[in-house]
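> Per the working numbering, the very first residue in the sequence shown carries number 120; after that it's consecutive. Ideal placement from N, C-alpha and C gives every residue a C-beta, glycine not left out. No experiment lies behind these values; they were computed from the predicted model shown.
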Amino acid sequence: MSPDPDVTPVALELRNVVKAYPGTPPVRALDGVSMVVHPGEMAAVVGPSGSGKSTMLHIMGTLDRPTEGTVLIDGVDTAELDDKQLSALRGRKIGFVFQRFFLLAGTTAVENVANGLLYSGIDPSIRRELAVEALRRVGLEQRLRHVPAMMSGGERQRVAIARALVHSPAFILADEPTGNLDSKSSAAVMDLLRGLHEEGSTLLVITHDDRIAGSLPRQVRVLDGRIEQDSAVVSLS
Ligand code: ADP
Ligand code: MG
Numbered sequence: 120m121s122p123d124p125d126v127t128p129v130a131l132e133l134r135n136v137v138k139a140y141p142g143t144p145p146v147r148a149l150d151g152v153s154m155v156v157h158p159g160e161m162a163a164v165v166g167p168s169g170s171g172k173s174t175m176l177h178i179m180g181t182l183d184r185p186t187e188g189t190v191l192i193d194g195v196d197t198a199e200l201d202d203k204q205l206s207a208l209r210g211r212k213i214g215f216v217f218q219r220f221f222l223l224a225g226t227t228a229v230e231n232v233a234n235g236l237l238y239s240g241i242d243p244s245i246r247r248e249l250a251v252e253a254l255r256r257v258g259l260e261q262r263l264r265h266v267p268a269m270m271s272g273g274e275r276q277r278v279a280i281a282r283a284l285v286h287s288p289a290f291i292l293a294d295e296p297t298g299n300l301d302s303k304s305s306a307a308v309m310d311l312l313r314g315l316h317e318e319g320s321t322l323l324v325i326t327h328d329d330r331i332a333g334s335l336p337r338q339v340r341v342l343d344g345r346i347e348q349d350s351a352v353v354s355l356s
């Protein structure tokens, strides 16, 4: 039996979201997007370059506000929060993984991950313990003191994934997480993300790669700022 949408909790919901960038004419990067992500789901957001995927990630991640429409994170309407409250919500509820890892150079893996808890109010020694635990979950317990320059691309992305999950977010947003990796590291990173899903994490993976999208439980296809097809939604047309 499929879950009843009225009682199942929601990790993330977009309702009729429009994002227009100024210009002549303005670009409607998102043109009326609605979707619901339940806790424990793993979905691919897939579409060609320019279809609006990164814009969607920015809006879902509250890094940017929609021009129109509603963004709910864990039941909270983000329109009701000021920028400071929004950044606190982001710090507690959302984990980000980007194509270009964004690790601090000259900083060890443990410190990079512990930095994900900087604004959590958690004691530094506990931050460190949680960082070690997160690095263990991504299979990097042998690399705790390595700086990014001493690690492969795949290892760096695993550090970034550990940083995203260290604060137990409501969901993880990954934008082309394998875009800078060779095929072997790419497969390892996708295996890791699928493993996190099996352990209960909620993940959205943005990709232009149909093979990666097809390997995930749900596919949301975007084109020209609209959802063309969502494998979780039965089409009535
Ligand atoms: P994708 O990630 O799928 O490649 P994007 O979300 O980056 O797509 O872009 C969607 C559309 O919005 C594109 O036409 C892009 O040129 C436009 N766009 C993205 N960011 C901006 C911006 N800051 N200002 C103006 N146009 C933008
Ligand atoms: Mg993009």
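Looking only at C-alpha atoms, which of K303, M154 and T297 sits nearest to H327?
The shortest Cα separation from H327 among K303, M154 and T297 belongs to T297.
> Around the Cβ of K203, are there at least 16 other Cβ atoms within 10 angstroms (buried) or fewer (exposed)?
By the 10 Å Cβ count, K203 comes out exposed.
> DSSP on T174, reduced to helix/strand/coil?
Note: T174 maps to helix in three-state DSSP.
> Can you list, in chain order, the stretches of the beta strand (DSSP E) that have 3 or more residues and sit fully within the stretch 181-245?
List check, beta strand (DSSP E) in window: 187-192 and 213-217.
> Quick test of your reading: V129 and G194, contact by CB under 8 Å. State the CB separation rounded to the nearest angstrom.
Right, the Cβ-Cβ distance comes to about 6 Å (below 8 Å), so this counts as a contact.
> E160: buried (16+ other C-beta within 10 angstroms of its C-beta) or exposed?
E160 should be labelled buried.
> Using the DSSP secondary-structure output, state which residues sit across from A163 in a beta bridge.
Bridge partners of A163: V324 and Q338.
> Could you tell me if the beta carbon of K172 falls within a distance shorter than 7 Å of some heavy atom in the ligand MG?
Yes, the beta carbon of K172 sits closer than 7 Å to at least one heavy atom of the ligand MG.
> Grab me the residues of K212's own chain with a C-beta within less than 7 Å of its C-beta, minus the 5 sequence neighbours each way, in chain order.
Excluding positions up to five away in sequence, the list reads I192, D193, P288 and A289.
> Is any heavy atom of the ligand MG found at a distance shorter than 7 Å from the C-beta of D294?
Within the cutoff, so yes.
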